[in-house]
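**Student:**
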Amino acid sequence: MEKNSAYRYGVGIMLINNENKVFVGQRVKESSEAWQMPQGGIDEGENPDQALMREVLEEIGTDNIEIIGVSSDWYQYDLPKQFAPLWWGGKYIGQKQKWYLAKFLGKDSEININTEIPEFISWKWVDVEELPELIVSFKKKLYQGLVEEFKPIIDKLSGS
């Protein structure tokens, strides 16, 4: 990861349950229409794998997962110009993210979004094809890329 990048480095997770549905959370800070998969920044001294496990625990209260895939490259998005000065102290114009596909090994009751610093006010499981329609518009292309990359793996798991 390059220092002094205009992009904040982060990780994201497409977490699937036993029915191969994907976890999405309704964001605390954005409009009620904003749903997304768990994601977050990579802290100083962390590698992406470590950041992923920390973020999952911070955002959904459990790290009872098994990683089954990693994105072939870093995905990137730009913030709308009006948001860039407001997020991350105005230091970045967007994010570059390594994405993971993981299986949730626990029960729904293990998921706890009422964490120390809540990211979500609600959560649900959705079909992978629904993801691009649920996310804010400036992340739509990123989510479309993730669906293209990870859906064949999910289909293989379901025997489709």
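Residue numbering for the sequence shown follows this note's numbering, beginning at 17 and increasing consecutively. Don't be surprised by glycine CBs; every beta carbon is placed ideally from N, CA and C. Please read all numbers here as calculations on a predicted model, not as lab measurements.
(1) By the 10 Å Cβ neighbour count, where 16 or more other Cβ atoms means buried, how is residue 87 classified, buried or exposed?
(2) Just to confirm before moving on: does the CB-CB distance between residue 158 and residue 91 stay below 8 Å?
(3) What distance in whole Å lies between the Cβ atoms of residue 166 and residue 75, which are believed to be in contact at a cut-off of 8 Å?
(4) Which residues share a DSSP beta bridge with residue 89?
(5) Is the beta carbon of residue 116 less than 8 Å from the beta carbon of residue 38?
(6) So which of 124, 62, 85 and 94 has the shortest CA-CA distance to residue 172?
(7) Taking 8 Å as the cut-off, decide whether the C-beta atoms of residue 72 and residue 127 are in contact.
(8) Alpha carbon to alpha carbon, how far is residue 151 from residue 93? Give it in angstroms, no decimals.
(9) Where in the stretch 118-159 do unbroken runs of the alpha helix (DSSP H), each at least 4 residues long, occur, reported from the N-terminal end onward?
(10) For residue 33 and residue 100, I'd like the C-alpha separation in whole angstroms.
(11) Give me the DSSP bridge partner(s) of residue 39.
(12) Where do the ends of the alpha helix (DSSP H) carrying residue 102 lie?
(13) Along the beta strand (DSSP E) that carries residue 27, what are the first and last residues, could you check?
(14) Report yes if the CB atom of residue 67 is closer than 8 Å to the CB atom of residue 58, and no otherwise.
(15) Is the Cβ-Cβ distance between residue 138 and residue 42 less than 8 Å?
(16) Name the residue from 106, 35, 45 and 81 whose alpha carbon lies nearest to the alpha carbon of residue 143.
(17) Are there 16 or more other CB atoms within 10 angstroms of the CB of residue 118, so buried, or fewer, so exposed?
**Tutor:** Considering the structure as presented:
(1) So residue 87 ends up on the buried side.
(2) yes
(3) About 19 Å; that fails the 8 Å criterion.
(4) Paired residue(s): none; residue 89 is not in a bridge.
(5) no
(6) Residue 85 holds the alpha-carbon nearest to the alpha-carbon of residue 172 among 124, 62, 85 and 94.
(7) no
(8) 12 Å
(9) 147-150
(10) 34 Å
(11) 141
(12) Here residue 102 belongs to no alpha helix (DSSP H), and DSSP marks it neither H nor E.
(13) 23-32
(14) When the beta-carbon positions are compared, residue 67 and residue 58 come within less than 8 Å of each other.
(15) Taking 8 Å as the cut-off, the Cβ atoms of residue 138 and residue 42 count as close.
(16) 35
(17) Answer is buried; the Cβ neighbour count reaches 16.
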